[in-house]
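Asks: Under this note's numbering, the first residue of the sequence shown carries the number 545, and numbering increases by one thereafter.
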Amino acid sequence: MVLIINKTMKKKKYILSPNCNVITEFENQYNSVSTCMEIDALKKGELFILEREYNYYLINPTIKLFLDFFKEENTLSKAVSYFSKAAKCKKKLIKPTLKDFLTTMIKRRVIIPFEENTQKTTVLHKARFKPKDQILSYQIEEKIFENKKIEIYKANCSKRKIKVAIKILKSKLANKERSVKSFKQEFILLEELGKHPNICQLIEFVQNEETIFGALEFIDGFHLRSFLKKNKASLFFRLDLIDQFFSGMAFIHRRQLLHGDLHMSNVMISHHGNLKIIDFNMSNRKNIEANEIVRQGGVYQYIAPEKLDARAFKMVNAPADFPSEVYQMGVICYYILYDEMPFSGFTWKELANNILYQQPKLEAHTKNGELIYDKLIPFLRRMLSKDPKKRYKTAGHVRQQWKRLMNIKNKEMIKR
């Protein structure tokens, strides 16, 4: 969808999407979206949770106030008047910021044009398939995920005698050419990528008159952040996770592919400690082909500095590249070592400024008090460099340097 913002925007009516809900009372089941600091902030009312179609996002009181304003139909002009009075400032000073933020919320379908807000709200929680339903050789067990475009089911494959994850395009999109092409592209690139022990494998892609879906390797485990919260992992185990992660990413970059949406929810750890990189929905080739749909993903805390526009509430409109993915690898590596993000902020401006201008704290010890190999500090600092030219060029270069450092470390330990 191409969004056009013009002079009519200030008079047009908007409203909070019926698929969004601001949660004001902290509940234990949302622990998985938060760090200890964020949990404390939720309890104090310094942060809130925005729920949208099975996904949860932390928001600050300012954003909550903005979204609350649009719980009833309202216009940009009214928002400018209301918030300029609340902030005791002139309208012309606050209008650009409000316009940028409203534009971002509309693009992300958090706020929608009022005329779209019909009473026929999409019911997302009704499963398309029931347990024991059969899709070719796959018997459905349960639905495990859903958003506006896809559903994912856990299923048993009778042909291969394995459990799989069935990722299926919603029927309402099955006749839309661009949606089908974008959905297929993920599986085409996965097939092109080939097999690697640290990448979720494609089992089969099926497209016929009735349906279109991909059968993927089912990973019985946790997302990376949840896994580290639930397990007091030793430094030795954390280094092994980093090694597996770098191995998978080096394989992706060697194939001249970009994951496109690197963050901890797209890294899973099985119950056996095997790391898997998942969800190639935003992947692209490094050299984009003429018929290829360019997709953009990104979670703000992982976005490389050169991809940020701190003046507006948005990322720079540019596809992923190797240096920006090396940066994201650095963010994930940092979290694995330190159990926290290298940069944070309760407001967008604070987060963006920290990413752009602050240096990460690279402590000598983990939170458990284990000593981090000293040569890893400059290694990680280079991955998180503000200047993309100063980072390692690709995940392959990261992996190569990592192996060299680990070999030196092991030799030093033998000498002791």
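Cβ atoms here follow ideal geometry from the backbone N, Cα and C, with glycine treated the same way. Just so we're clear, the structure is a prediction, and the values are computed from it rather than from any experiment.
Within a Cβ cutoff of 7 Å, which residues of the same chain sit near Y844, ignoring the five residues on either side of it in sequence?
Replies: Closer than 7 Å at the Cβ level, and outside the excluded window around Y844, lie L895.
Asks: Can you tell me the Cα-Cα spacing of K720 and E730, whole angstroms?
Replies: Taking the straight line from one Cα to the other gives about 16 Å.
Asks: Sort I694, L785, N700 and L717 by Cα distance to K711 and report the nearest one.
Replies: The candidate whose alpha carbon is nearest that of K711 is I694.
Asks: Within the stretch 911 to 950, note down every full alpha helix (DSSP H) run reaching 4 residues or more, in order along the chain.
Replies: If we require 4 residues or more, the alpha helix (DSSP H) runs fully inside the stretch 911 to 950 come out as 920 to 927.
Asks: How many angstroms separate the CA atom of P640 from the CA atom of I763?
Replies: Cα to Cα, the separation comes out at about 45 Å.
Asks: Return the CA-CA distance between K687 and K698, expressed in angstroms with no decimal places.
Replies: Going by the C-alpha atoms only, they are around 6 Å apart.
Asks: Using the beta-carbon count (16 or more within 10 Å), is M957 buried or exposed?
Replies: It is exposed - the Cβ of M957 has fewer than 16 other Cβ atoms within 10 Å.
Asks: Does the beta-carbon distance from K820 to F658 come in below 8 Å?
Replies: No; because the gap between Cβ atoms is not below 8 Å, this pair is not in contact.
Asks: Apart from the five residues just before and just after N810, which ones in its own chain have a Cβ nearer than 6 Å to its Cβ?
Replies: Result list for N810: I822 and D823, in chain order.
Asks: Rounded to the nearest angstrom, how far is the Cβ of K634 from that of S625, given a contact under 8 Å?
Replies: Incorrect: roughly 11 Å between the Cβ atoms, too far for contact.
Asks: Cα-Cα, which of K714, K703, I559 and P741 is closest to I656?
Replies: Of the listed residues, the one whose Cα sits closest to I656 is I559.
Asks: Can you tell me which of the three DSSP states A759 falls into?
Replies: It is a strand residue.
Asks: Nearest-angstrom Cα distance between I916 and L906?
Replies: In a straight line, the C-alpha of I916 is about 10 Å away from that of L906.
Asks: Ends of the alpha helix (DSSP H) at Q902?
Replies: Per DSSP, Q902 belongs to no alpha helix (DSSP H) and is neither H nor E.
Asks: Under 7 Å Cβ to Cβ from S827, same chain only, skipping five residues before and after it: list those, please.
Replies: E730, L733, L801, L802, H803 and G804.
Asks: I696 and F689 - do their beta-carbons sit closer together than 8 Å?
Replies: Yes, these two residues count as a Cβ contact at 8 Å.
Asks: Name the one or two DSSP bridge partners that L819 has.
Replies: BP columns for L819 point to I813.
Asks: What did DSSP end up calling A896 once you bin it into helix, strand or coil?
Replies: The answer is helix: DSSP assigns A896 an H, G or I state.
Asks: Between the C-alpha atoms of M950 and G765, what's the straight-line distance to the nearest angstrom?
Replies: Roughly 27 Å separates the two Cα atoms.
Asks: Between L928 and P886, which are expected to be in contact by the criterion C-beta below 8 Å, what is the C-beta distance as a whole number of angstroms?
Replies: The Cβ separation is near 6 Å, so the contact holds.
Asks: Could you round the C-beta distance between I756 and L713 to whole angstroms and report it? I think they count as a contact, below 8 Å.
Replies: Right, the Cβ-Cβ distance comes to about 5 Å (below 8 Å), so this counts as a contact.
Asks: What residue does the alpha helix (DSSP H) around K643 start on, and which one ends it?
Replies: It spans K635 to K651 - the alpha helix (DSSP H) in which K643 sits, taken as one unbroken run.
Asks: Between W946 and F781, is the Cβ-Cβ spacing less than 8 Å?
Replies: Not closer than 8 Å, so no.
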